[in-house]
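Colleague: Take this structure, written in structure tokens, and hold onto it; I'll ask about it next.
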Amino acid sequence: MILLTKSNKGWFALFTVPLLLVFTTVVIIPFIIGIGYSFVSWDGIPANPKVFVGLDNYIELLKDDRFLTSAWHTIEFTVLALVLVNVLGLAFSLLVTMKLRISNAARTMFFLPNLIGGLILGYIWQFIFTDVFKFLGDKTGWDSLFFNWLIHPQSALYAMVIVFTWQMAGYTMIIYIAGIQGIPDELGEAARVDGANLWQRLTKIVFPLLMPSFTICLFLTLSGAFKIFDVNLSLTKGGPNNATELFAMNIFNEIFGYGHYGLGQAKAIVFFILVAAVTLTQVIITKKKEVQY
Amino acid sequence: MLAACGNSNDNKNAGATASGSTSSSATSSATATGAEKLKKISLFQSKVEIAEPLEKLAETYKKETGNEVEVWGSAGDAYMTQLQAKLTAGEGPTIFSVGTGAEAEKFKSYYADLSNEPFAKNIAPDMALKDGDKIVGVPYGVEGFGLVYNKSMIDPKDVKDVDSLTKALEKFKADGKNGLSLSQEAYFLIGHIINTPFALQADPTGFIDKLNKGEVKMADTKEFQEFAKVMEAIRANTVNPMEVKYDSQMGDFATGKTAMVHQGNWSYGMLKDYGDLGFDIGMMALPIAGNDKIAVGVASNWVVNNKANADEIKAASAFLNWMFTSEAGKNAIVNEFKFIPAMTNIEAGDLDPLSKTVFEATKAGNTIPWALNYFPQGIIVNDLAPAAQQFFLSQDMTGEQFLKNLDAAWAKGAK
């Protein structure tokens, strides 16, 4: 008995210690160093001095209009993306689990955009929004819809939502499919015998039992949308006039554009706390709604 | 053979680390040329236009000397951020480029001393990048920008001041042509064109200092007021620059859809791809506040990373030496990169029409300086470009308001 626990402990250590080491060196330690940087004023050149300024960076970021605007745009983007990605993902998953003949083909097609990296997607859509849209506008005369979306502040943000949805909807679809397939058929059949229609079966049986999938999908889209950078960079570069500069890009520009390492780092810490708080709240709320059958 | 190579290396790299010299002796025995094999170095630079010929030059260098230079892809607008990230991470290139002025100042802790290199004595007077008395950078060449124009569409005599320029633009608009094209990239949208009102100040760097301290305002300065009028005329009469990219800007110019572009001699590289244009081109001054000169300066310099190890620094100097003294190197600089040489040992040779204008203006002293080199670092991309984007996207913003916004943007960027 003692022997067994001993070897168990050995196995446990063998698998966790390397992981713990890696996690500590690439996540924990840089994170702590990062917190340290947020209290200094530094331009990022190793040879130049780091001056300790206490909480000045945190005070300054609250006065930074560009940062606050960027925060608002990020929230706007995240809410729109969250709704659109999950509504579409869920719709796709219901569609492809309806045992249609094209189910498998449709599943592949919906998932395909997710296999293309965000940078490439951004450049492809940049071409669509600028050149193709303009071309369509010229040809069809519908230039109130088809114009260069990327040069107008509001439509450029919508363009980002569309590209992000295009990328993520297929991914959430896969998770929803797994959830739907995990619901036993007899529940739906019993309800049907009792005379429940499609809408009642969806809202009373499928959605409550899908709650675990909602938890995961909402978490993934929420954190993904908050942290988005690649699509932002390749599609709009934050323009026009910084109207689509989201959180991550604002931090990047603060650090590399202006060379304010400390201030950028302080923003990153605030950003981290915000993302963690929002996503944790979401997970707690949706977890509570999960039911067992 | 192997021993001989190793010895020669060891003698020459007295200060080099043991591992460095063993690896270089091992590789030199592999080539078995007998010539001294130098360590492989990397090169990173900002100009997209010379990316291809530079890679070809690196191949030629390898063929002639057996030494390797790895040319990293150029990054355009993102060059500075990538360079900084790489240098900070200790993975910096051996040779890299920096702009003259604020940019060079920012990275000065990285420059190796090149004063004693053979090519240093060939740098044209006042053109070298210096840190105190030490020469730390070699200029790419001189460059100039202004209004590049299609000679069959417009005569410089008709564009002498803001009024005549505006009239010309209105006429082109009425004819369904694009009179003057800017493009959406930060430097082509605002960075270069705003240089003119700065350069026309009696003391451009002094003016920039005062602007940094908030002692003067662009909105109150005559040259800037004229500049704003030009920007208003551009917005009212031409294709919105936000819809134009560098390549479409030059494409439309090459195909006769655009009469003028605010560009530099480097843009000839793009025009060349269109073959025979069917018309002659020239470069003239941006005619604000009586200006009749084009802006000429040193945009970029080659520097060697002093954080690289001694072997690499030695190999880097060898490459620069080869580039600035060998026939192949000199030929590439003039004929492939299309640079206007800033070295006394390189003949200008067969220059394209735009470079010729710049070269002749330089010789005659008929130029205004590149004040933009002394702008606070990064201000064009970070602060001025968004203000200009806003101006071009809102039709009702006045030039006066635009200048006020630029002043506000400047105050933020100069912090």
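Same order as they appear, the protein sequences are chains Z and P. Its first residue numbered 1046, the first sequence is counted upward by one per residue in the numbering used here. Its first residue numbered 563, the second sequence is counted upward by one per residue in the numbering used here. Built from N, CA and C at the ideal position, the CB exists for glycine as well. Remember, it's a predicted structure, so these values are computed and weren't measured experimentally.
Give the interface partners of P:GLY638 over in chain Z, defined as CB-CB distance under 8 Å, in chain order.
Modeller: Locating residue 638 of chain P in the second sequence gives position 76, where the first residue counts as 1. The contacting residues do not exist; P:GLY638 stays about 11 Å from chain Z at best.
Colleague: For P:ALA588, which residues of its own chain have a beta-carbon under 7 Å away from its beta-carbon, when the five flanking residues on both sides are left out?
Modeller: Position 26 of the second sequence, counted from the first residue, corresponds to residue 588 of chain P. Here P:ALA588 scores only 39 on pLDDT, less than 50, and its place in the model should not be relied on; the value that follows carries that caveat. Nothing listed; no residue qualifies.
Colleague: For chain P, is any of its Cβ atoms less than 8 Å away from the one on Z:PHE1097?
Modeller: In the first sequence, counting from the first residue as 1, residue 1097 of chain Z sits at position 52. So, not an interface residue.
Colleague: Hey, P:ILE856 and P:VAL724: beta-carbon distance below 8 Å or not?
Modeller: To locate residue 856 of chain P, count along the second sequence from 1; it is residue 294. To locate residue 724 of chain P, count along the second sequence from 1; it is residue 162. It is not a contact, given that the beta carbons lie outside the stated cut-off.
Colleague: Since I believe Z:SER1268 is in contact with Z:THR1324 (beta carbons under 8 Å), could you give me their beta-carbon distance rounded to a whole number of angstroms?
Modeller: Position 279 of the first sequence, counted from the start, is the residue given in the question as residue 1324 of chain Z. Position 223 of the first sequence, counted from the start, is the residue given in the question as residue 1268 of chain Z. The pair is a contact, with the Cβ atoms about 5 Å apart (cut-off 8 Å).
Colleague: Rounded to whole angstroms, what's the CA-CA distance from P:ALA872 to P:GLN763? Just pull it up for me.
Modeller: As a first step, residue 872 of chain P must be located in the second sequence, where it is residue number 310. As a first step, residue 763 of chain P must be located in the second sequence, where it is residue number 201. When rounded, the distance between both Cα atoms is 45 Å.
Colleague: Applying the criterion that 16 or more other CB atoms from any shown protein chain within 10 Å of the CB defines a buried residue, is Z:MET1143 buried or exposed?
Modeller: Locating residue 1143 of chain Z in the first sequence gives position 98, where the first residue counts as 1. By the neighbour-count rule (16 or more Cβ atoms within 10 Å), Z:MET1143 is not buried but exposed.
Colleague: So, at 8 Å on beta carbons, what are the nonlocal neighbours of P:ASN740 in its own chain, with the 5 sequence-adjacent residues on each side left out?
Modeller: On the second sequence, position 178 is the one that residue 740 of chain P refers to. The residues are PHE734, THR800, VAL801, ASP814, LYS819, THR820 and ALA821.
Colleague: Cβ of Z:PHE1076 less than 8 Å from any chain P Cβ?
Modeller: For the purposes of this step, residue 1076 of chain Z is taken as residue 31 along the first sequence, with counting starting at 1. For Z:PHE1076, the answer is no, since every Cβ of chain P falls outside 8 Å of its Cβ.
Colleague: For Z:ALA1116, which residues in chain P fall below 8 Å Cβ to Cβ?
Modeller: Along the first sequence, read from residue 1 onward, the residue named residue 1116 of chain Z stands at position 71. The contacting residues do not exist; Z:ALA1116 stays about 17 Å from chain P at best.
Colleague: What are the start and end residues of the beta strand (DSSP E) that includes P:ILE603?
Modeller: On the second sequence, position 41 is the one that residue 603 of chain P refers to. Where P:ILE603 is concerned, the enclosing beta strand (DSSP E) stretches over 603–606.
Colleague: Give the straight-line distance between the Cα atoms of P:SER586 and P:GLN646, rounded to the nearest whole angstrom.
Modeller: If you number the second sequence from 1, residue 586 of chain P lands on position 24. If you number the second sequence from 1, residue 646 of chain P lands on position 84. Residue placement at P:SER586 is flagged as unreliable, the pLDDT there being 39, under the threshold of 50; the coordinate-derived value follows with that caveat. Distance between the alpha carbons of P:SER586 and P:GLN646: 28 Å.
Colleague: Just to confirm the assignment, what range does the beta strand (DSSP E) spanning P:HIS824 have?
Modeller: As a working note, residue 824 of chain P is residue 262 in the second sequence. Element bounds for P:HIS824: 820–826.
Colleague: Taking only the alpha-carbon atoms, compute the straight-line gap between P:ASP688 and Z:LEU1319 and give it to the nearest angstrom.
Modeller: Position 126 of the second sequence, counting from 1, holds the residue named residue 688 of chain P. Position 274 of the first sequence, counting from 1, holds the residue named residue 1319 of chain Z. Roughly 53 Å separates the two Cα atoms.
Colleague: How about the region 690–699 of chain P and the region 658–676 of chain P: do they share at least three Cβ pairs that are nearer than 8 Å?
Modeller: yes
Colleague: Taking Cβ positions, are P:HIS824 and P:LEU709 nearer each other than 8 Å?
Modeller: The residue given as residue 824 of chain P occupies position 262 in the second sequence. The residue given as residue 709 of chain P occupies position 147 in the second sequence. Yes, the Cβ-Cβ distance between P:HIS824 and P:LEU709 is below 8 Å.
Colleague: Just checking: is the beta-carbon of Z:PRO1285 within a distance shorter than 8 Å of some beta-carbon in chain P?
Modeller: By 1-based counting over the first sequence, the position of residue 1285 of chain Z is 240. Judged by the 8 Å Cβ criterion, Z:PRO1285 is in contact with chain P.
Colleague: Looking at the C-beta of Z:ALA1311, does it have a partner C-beta in chain P at a distance below 8 Å?
Modeller: If you number the first sequence from 1, residue 1311 of chain Z lands on position 266. No, Z:ALA1311 does not count as interfacial toward chain P.
Colleague: Kindly give me the distance between the Cβ atoms of P:LYS786 and P:MET780, rounded to whole angstroms, as I take these residues to be in contact under 8 Å.
Modeller: On the second sequence, residue 786 of chain P is found 224 positions in, with the first residue counted as 1. On the second sequence, residue 780 of chain P is found 218 positions in, with the first residue counted as 1. According to the sequence shown, residue 786 of chain P is Phe rather than Lys. Rounded, the Cβ-Cβ distance is 4 Å, consistent with contact.
Colleague: Just tell me which of P:ILE942, P:VAL806, P:ASN935 and P:SER659 has its CA closest to the CA of P:ALA613.
Modeller: Start at 1 with the first residue of the second sequence, and residue 613 of chain P comes out as number 51. It is P:SER659 whose Cα lies nearest to the Cα of P:ALA613.
Colleague: Excluding the 5 residues flanking P:ASP639 on each side, which residues of the same chain have their C-beta closer than 7 Å to its C-beta?
Modeller: Locating residue 639 of chain P in the second sequence gives position 77, where the first residue counts as 1. Correct list, in chain order: GLU747, ALA748 and VAL943.
Colleague: Starting from the Cα of P:HIS754, find the closest Cα among P:PHE964, P:GLU962 and P:LEU934 and give me that residue.
Modeller: Locating residue 754 of chain P in the second sequence gives position 192, where the first residue counts as 1. Checked all of P:PHE964, P:GLU962 and P:LEU934; the closest Cα to P:HIS754 is P:LEU934.
Colleague: Let me check understanding here. Comparing Cα to Cα, which of P:ALA847, P:THR817 and P:TRP828 lies closest to P:TYR836?
Modeller: The sequence position of residue 836 of chain P within the second sequence is 274, counting from 1. That would be P:THR817, whose Cα lies nearest to the Cα of P:TYR836.
Colleague: At what residue ranges does the region 1144–1216 of chain Z contain a whole run of the alpha helix (DSSP H), taking only runs of 4 or more?
Modeller: Listed in chain order, the complete alpha helix (DSSP H) runs (minimum 4 residues) inside the region 1144–1216 of chain Z are 1148–1160, 1163–1172 and 1178–1185.
Colleague: So which of Z:ILE1169, Z:ASN1287, Z:LYS1095 and Z:GLY1081 has the shortest CA-CA distance to Z:GLN1212?
Modeller: Here the question's residue 1212 of chain Z lines up with position 167 in the first sequence. Among Z:ILE1169, Z:ASN1287, Z:LYS1095 and Z:GLY1081, the Cα nearest to that of Z:GLN1212 belongs to Z:ILE1169.
Colleague: Using the three-state DSSP reduction, which class does P:THR584 fall into: helix, strand or coil?
Modeller: In the second sequence, the residue the question calls residue 584 of chain P occupies position 22. Note that P:THR584 has pLDDT 38, beneath the 50 cutoff, so the model's placement of it is unreliable and the number below is only indicative. Looking at P:THR584 - three-state DSSP - the assignment turns out to be helix.
Colleague: Mind pulling the chain P residues with CB within less than 7 Å of Z:TYR1216?
Modeller: Here residue 1216 of chain Z refers to the residue found at position 171 when the first sequence is read from its first residue. Within 7 Å Cβ-Cβ: nothing; Z:TYR1216 doesn't reach chain P, min ~28 Å.
Colleague: Using CA coordinates, which residue listed in Z:HIS1305, Z:GLN1199 and Z:VAL1177 is at the minimum distance from Z:TRP1117?
Modeller: Locating residue 1117 of chain Z in the first sequence gives position 72, where the first residue counts as 1. With distances taken between Cα atoms, Z:TRP1117 lies closest to Z:GLN1199.
Colleague: At a CB distance below 7 Å, what residues from the region 730–752 of chain P approach chain Z? Give them in sequence order.
Modeller: Residues of the region 730–752 of chain P with a C-beta atom less than 7 Å from some C-beta of chain Z do not occur.
Colleague: Across the region 617–628 of chain P and the region 832–846 of chain P, are there enough close Cβ pairs to call them in contact, namely three or more that are closer than 8 Å?
Modeller: no
Colleague: Of the residues P:ILE697, P:LYS784 and P:LEU742, which one's Cα is nearest the Cα of P:PHE760?
Modeller: Here residue 760 of chain P corresponds to residue number 198 of the second sequence, with the count starting at 1. P:LYS784 is the residue among P:ILE697, P:LYS784 and P:LEU742 whose C-alpha sits nearest the C-alpha of P:PHE760.
Colleague: Establish whether the CB of P:MET959 and some CB of chain Z are separated by less than 8 Å.
Modeller: Position 397 of the second sequence, counted from the start, is the residue given in the question as residue 959 of chain P. No, because no Cβ of chain Z sits closer than 8 Å to the Cβ of P:MET959.
Colleague: In the structure shown, what three-state DSSP assignment does Z:ALA1322 receive?
Modeller: Position 277 of the first sequence, counted from the start, is the residue given in the question as residue 1322 of chain Z. Here Z:ALA1322 sits in helix by DSSP.
Colleague: Tell me, please, which residues DSSP counts as bridged to P:ALA613.
Modeller: Position 51 of the second sequence, counting from 1, holds the residue named residue 613 of chain P. Per DSSP, none; premise fails for P:ALA613.
Colleague: Measuring CA to CA, which of P:GLN644, P:TYR702 and P:SER608 is closest to P:GLY891?
Modeller: Locating residue 891 of chain P in the second sequence gives position 329, counting from the first residue. Cα-wise, what sits closest to P:GLY891 is P:TYR702.
Colleague: Out of Z:LYS1108, Z:PHE1084 and Z:ASP1110, state which residue places its alpha-carbon closest to the alpha-carbon of Z:LEU1099.
Modeller: If you number the first sequence from 1, residue 1099 of chain Z lands on position 54. It should be pointed out that residue 1099 of chain Z corresponds to Gly in this sequence rather than to Leu. Residue Z:PHE1084 is the option with its Cα nearest to Z:GLY1099.
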